[in-house]
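Under this note's numbering, the first residue of the sequence shown carries the number 817, and numbering increases by one thereafter.
Note that CB positions come from ideal geometry on N, CA and C, so glycine has one too.
Below: the structure, in structure tokens.
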Amino acid sequence: MLHPPTRRSGAPAHLHIVRAPAGESPFDTAEPEPARPAGADVVHLRPRHTPPRVDGSLALAPVACAPAPRPTLRLIVTPQEPDPAEARLRAQRLAHSLAEIVSGLRTVTQLRPYASAAVYKNVQQLTRTLTDRRVGRVRVRSSNGRAPADGVAEGYARLHAETLALTVAFRLERDAPTPRPTTTWLCTALEHDRLR
């Protein structure tokens, strides 16, 4: 039976264990317990044997857990990046063709199989404007291209003459929709600086 601790000034509280009187149960039960021998009144505060310790939710597992199987490694193939070298080559070829067309060294009709209708009209108009201005020989100062996707090249060209500096941006597509199917590259978009 436990009695509430009595506190002395400045002393920590203590619990005092008092044995139940002989013939009485230390617990309040409805049924009276039979009398115990004198040695049975010993109260053990610590268990005589300690059960094995089990951590966390493993205490709920009905059987011992087997170690997890080792994962199997497999190779994931990434899609191949488009070749930027081909995009640069296509950009350089188109840049030199444009320079020769606007200079008058080639006819615009040579571009027809390799350009969409909108691009062809745009280059035709650009050629007329530069011919009227008499800019002379146009050269490629620089050009470059990149491949944002397979079968697509985007590039630019800086064209230069004595009285002209022009930047052209374009997009080339392989297997673009055309009236006659072809495996050649088709210029599907072309933009340039405004001419003043």
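- Assigned with DSSP and collapsed to three states, Val939 falls in helix.
- Cα atoms of Thr923 and Asn938: separation of roughly 14 Å, rounded to the nearest angstrom.
- According to the DSSP assignment, Glu989 belongs to the beta strand (DSSP E) that extends over 980-990.
- Under the three-state reduction of DSSP, Glu840 is assigned to coil, being neither helix nor strand.
- Annotated as proximal: Gly961 and Ala903, with beta-carbon spacing under 8 Å.
- In this structure, DSSP gives Ser958 an extended state, which the three-state scheme calls strand.
- In this structure the region 1003-1012 lies against the region 976-990, because at least three pairs of beta carbons, one per stretch, are closer than 8 Å.
- Spatial neighbours of Ala931 in its own chain (CB-CB distance under 6 Å, excluding positions within 5 residues in sequence) are listed in chain order as Cys1003.
- Val951 sits in coil when the DSSP states are folded into three classes, being neither helix nor strand.
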